[in-house]
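Visitor:
Chains as they are written, first to last, in the working numbering: chain A, 718 to 1045; chain B, 96 to 670.
1) What are the boundary residues of the beta strand (DSSP E) that includes residue 473 of chain B?
2) At which residue ranges does the region 444-494 of chain B contain complete beta strand (DSSP E) runs of 3 or more residues, listed in the order of the chain?
3) Buried or exposed: residue 122 of chain B, going by 16 or more other Cβ atoms within 10 Å of its Cβ?
4) Relative to the C-alpha of residue 976 of chain A, which residue among B:268, B:135, B:214 and B:491 is closest?
5) Drop a sphere of 10 angstroms on the beta-carbon of residue 718 of chain A, count the other beta-carbons inside from all chains shown, and report buried for 16 or more, exposed for fewer.
6) So does the region 398-405 of chain B actually touch the region 538-554 of chain B, counting three or more Cβ pairs closer than 8 angstroms?
7) Taking DSSP as the reference, what is the three-state secondary structure of residue 376 of chain B?
8) Using the DSSP secondary-structure output, state which residues sit across from residue 872 of chain A in a beta bridge.
9) So with CB distances below 8 angstroms, who are the chain A contacts of residue 160 of chain B?
10) Measuring alpha carbon to alpha carbon, tell me which residue in B:410, B:358 and B:396 is nearest residue 441 of chain B.
11) What in chain B is Cβ-close to residue 965 of chain A, meaning under 7 angstroms?
12) Give the C-beta separation of residue 343 of chain B and residue 420 of chain B to the nearest angstrom, bearing in mind that I take them to be a contact with Cβ-Cβ under 8 angstroms.
13) By how many angstroms is the C-alpha of residue 751 of chain A removed from the C-alpha of residue 887 of chain A?
14) Note down, in chain order, each residue of its chain lying with its Cβ closer than 7 angstroms to the Cβ of residue 96 of chain B, except the 5 sequence neighbours on either side.
15) Mapping the DSSP letters down to three states, classify residue 535 of chain B as helix, strand or coil.
16) Quick one: grab the DSSP three-state call for residue 337 of chain B.
17) I'd like the list of long-range same chain contacts for residue 187 of chain B, defined as Cβ closer than 6 angstroms, with 5 residues on each side in sequence excluded.
18) Is there contact here, the region 380-390 of chain B with the region 612-631 of chain B, by at least three beta-carbon pairs under 8 angstroms?
19) Could you name the residues that DSSP lists as bridge partners for residue 357 of chain B?
20) Along the region 1007-1019 of chain A, where does the CB come closer than 9 angstroms to a CB of chain B? Name the residues.
21) Going by beta carbon distance, what residues of the same chain come within less than 7 angstroms of residue 140 of chain B, once the five residues before and after it are set aside?
22) Within the region 584-630 of chain B, note down every full alpha helix (DSSP H) run reaching 4 residues or more, in order along the chain.
23) Could you tell me the alpha carbon to alpha carbon distance between residue 393 of chain B and residue 417 of chain B, rounded to whole angstroms?
24) So, does the region 772-780 of chain A touch the region 803-812 of chain A, judging by three or more C-beta pairs under 8 angstroms?
25) When Cβ atoms are compared, which residues of the region 256-270 of chain B fall closer than 7 angstroms to chain A?
26) Once DSSP output is grouped into helix, strand and coil, what is the label at residue 795 of chain A?
27) Less than 8 angstroms between the CB atoms is what I'm expecting for residue 988 of chain A and residue 1017 of chain A, so what's the real figure, rounded?
28) Applying the 10 Å Cβ sphere with the 16-neighbour rule, what's the burial state of residue 214 of chain B?
29) Please list the partners that residue 178 of chain B has in chain A, where partner means a Cβ-to-Cβ separation under 9 angstroms.
30) Taking residue 972 of chain A as the query, report the chain B residues whose CB atoms sit under 9 angstroms from its CB, ordered along the chain.
31) Using a Cβ-Cβ cut-off of 6 angstroms (strictly less than) and excluding sequence neighbours within five positions of residue 102 of chain B, which residues of its own chain qualify?
32) Helix or strand or just coil, what does DSSP make of residue 349 of chain B?
33) Can you check which of these residues, A:939, A:946, A:1013 and A:966, is closest to residue 1028 of chain A by C-alpha distance?
34) Can you name the residues of chain A whose CB is closer than 7 angstroms to the CB of residue 631 of chain B?
35) Following the continuous alpha helix (DSSP H) through residue 639 of chain B, name the residue where it begins and the one where it ends.
36) Counting C-beta neighbours from all protein chains within 10 Å, is the total for residue 274 of chain B 16 or more, i.e. buried, or is it exposed?
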């Protein structure tokens, strides 16, 4: 039975829907190997980056299917227990609704009170355990030693939703995309997972008539793309934010990111902690020192401890290169 | 263990499974810079200075945590590692208030060394921490947030040494900084292990050496010194001498050079402690009371017990620590002999310890309402003081003259400084008193399920006693749990709060690691072996002091014994 579902997930080539795009079956199989020990199953509904809301869409519109996905995992792993980890807004809004479907199963809910970093899977584990929210070193991976040092399966909310589809043979390689910004129809839309951003915008009636750029992959850590770069599918969290070029103050936008990162990072490692502070300092002064920025981007990319730090330079780098330097 | 080949800078190196690249490189004398790495702690991977290139990897990797894999090809010095190192150093330095000219670590500062070597500027960004706070924990520990580089070594260590951790990382505006915990159930035990593991002197002792320096310059004052057992084989490190060198006789010369009126050896009082502890243990045995007796000469452990484990206070021996006993003897017995008014004596002790600064403030240890010791200096402070007087231990002649009673210990008194030493010294005396024979070398066996814990079995009159010596509170906690659940499992437990005992104490020279602890302890044991008198009861000075003074029960009680009480949280002062 379990082999069956993992095999099915593998065949469907399901990629994790949290943004990293890691093959889901590998995680499931790694946890399967640990059977014999108690196993934790976690649904990550932290959705902590600004302007991403596709998980909320699932909680609102497909709670039953999502919970069914978790039950499939509970069934797949002997001696398992599940946690649904929700950011505090989602927890307050949707817990009751979800409980209708999870009653009678070993599924409990955890309210995320910590910041963005608690969305990183090992930061999340620390939070549930009551420890300081900072990412853990890997290895060991959560599949081997996760929550309370026990094997733990962590997937995004949508991933469980797609597992439900796979189990019932209705999966069509689709994904939810949230669309936000200077658009006519903001919202969450379902498209084939490899759909180019151009088509998504066109088919939702959102392709702008004005000069614009797009941030894809999250409202802070996502990369900036120009209209001519939107014919290819993009990697990262499925979030599209459209900016009207003329109406957007690039410095203000960077300051918004800088405020987010500086507030939300965990201060564990030097490059991320210090760069986020120094970049914000610069943005507050409205003066960009490109030489210093380049250096900080280098250590962020090369030496940060966790994915947040490693992705922090991307939005600045792409915005500066594609938009700001052209304006200067 | 599985071993295999890896390549570091094109050189073939044998690595073992589970080994990390930084450790392998250092073993092979390949230097990789790091500030937060410490062999006592799991890699925290925070400073990001130890980055290396791994062939086939897209980005740099932190070598402190990177596990070796067969055929791995590592490069430690490339344009990318150099670039990253310089930038991260500049970022780090801009959150460290570098008042280097006044810093006691200036000679050993790695942040400065690396920055000079890699032309990293400390002023690349404006220091962001200038307005942060400073804290004093009791009379012992000084936390300066403006120097902290957020490596979390202190809080990691503190969590091991206390319950839950007293030094914690806390949100402060948009950043996280180190703070003393405000929780009611957490307190500092003053052990100073945070200091030993801080790479940038954000943690240090509350200094007293400037006051002592002034007193030494005042010819009307009679400043007397004592120095702890473990100090004799660590002090030399502050002057570049080889690890484990015994500098006892040089300490006498040095202190006299800076104006000491008299120099005593705390190890002598350790002999007194032994005699008294042995008496207590013998009484217990005779009474048929076979509950565990726990040592009490470590003031950080005593503070721990009073705050975190008051139910164990009944198990502590009532005997005062050697420092306090010697302090008492100086201001009573010796003062009277020398015809001095105790008020005119300034009693200073050189300790491997920051908790000793707290110990001298305990009112229950006062004699006639006065402190028995006036100032405690750590080994680091004393080294600074000597250097300010231009006295260098490595360059002076040892004082080989015969020492007076209070400066003449047995080997037993000297091994007090190494983990297990108190226990061994006490058993030598107990064994002799009970059997009339000398205890041959006590055979300790490590308790493999516990770290830094060793056990011995001693058979006296057909009865076997189990005794345990444990150091490092992290390890002691486990033994203490055993004592709580089975109060008769062990006859005697020696608890030292710092890993390795006093030789690894919070007032010792920095750096510290197991190799250094081993060398310091080995130094003490080789001194012990060379001593003619190796037992406390065999020390002729002990006979004299008991005949002349301590056989009087009142004197003995006043100078040698104390009480304990459940203690409330200590004071933290914000500056």
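For each residue, glycine too, the CB sits at the ideal point set by N, CA and C.
Guide: Taking the structure as given:
1) 470-473
2) 470-473
3) exposed
4) B:268
5) With a pLDDT of only 49 at residue 718 of chain A, under 50, the local geometry of the prediction cannot be trusted, and no value is derived from it.
6) no
7) helix
8) A:760, per the DSSP bridge assignment.
9) 854
10) Measuring from the Cα of residue 441 of chain B, the nearest candidate turns out to be B:358.
11) Neighbours of residue 965 of chain A on chain B: none; closest Cβ ~25 angstroms, over 7 angstroms.
12) Contact flag wrong, Cβ pair sits at about 19 angstroms.
13) 29 angstroms
14) 111 and 112
15) coil
16) coil
17) 244
18) no
19) B:319
20) 1009, 1012, 1013, 1015, 1016, 1018 and 1019
21) 157, 159 and 160
22) Under the rule that a run must span 4 or more residues, the alpha helix (DSSP H) segments found entirely inside the region 584-630 of chain B read 609-625.
23) 10 angstroms
24) yes
25) 264, 269 and 270
26) coil
27) 5 angstroms
28) Residue burial is scored here from C-beta neighbours: residue 214 of chain B has fewer than 16 other C-beta atoms within 10 angstroms and is therefore classed as exposed.
29) 1012, 1015, 1016 and 1019
30) Within chain B, no residue comes near residue 972 of chain A; the closest Cβ sits about 13 angstroms away, beyond 9 angstroms.
31) Its chain contains 168 as the residues whose beta carbon lies nearer than 6 angstroms to that of residue 102 of chain B, once the 5 sequence neighbours on both sides are disregarded; these appear in chain order.
32) helix
33) A:939
34) At a C-beta separation below 7 angstroms, residue 631 of chain B has no neighbours in chain A, since its nearest C-beta there lies roughly 47 angstroms away.
35) 635-640
36) Using a 10 angstroms sphere on the CB of residue 274 of chain B, the tally of other CB atoms reaches 16 or more, which defines it as buried.
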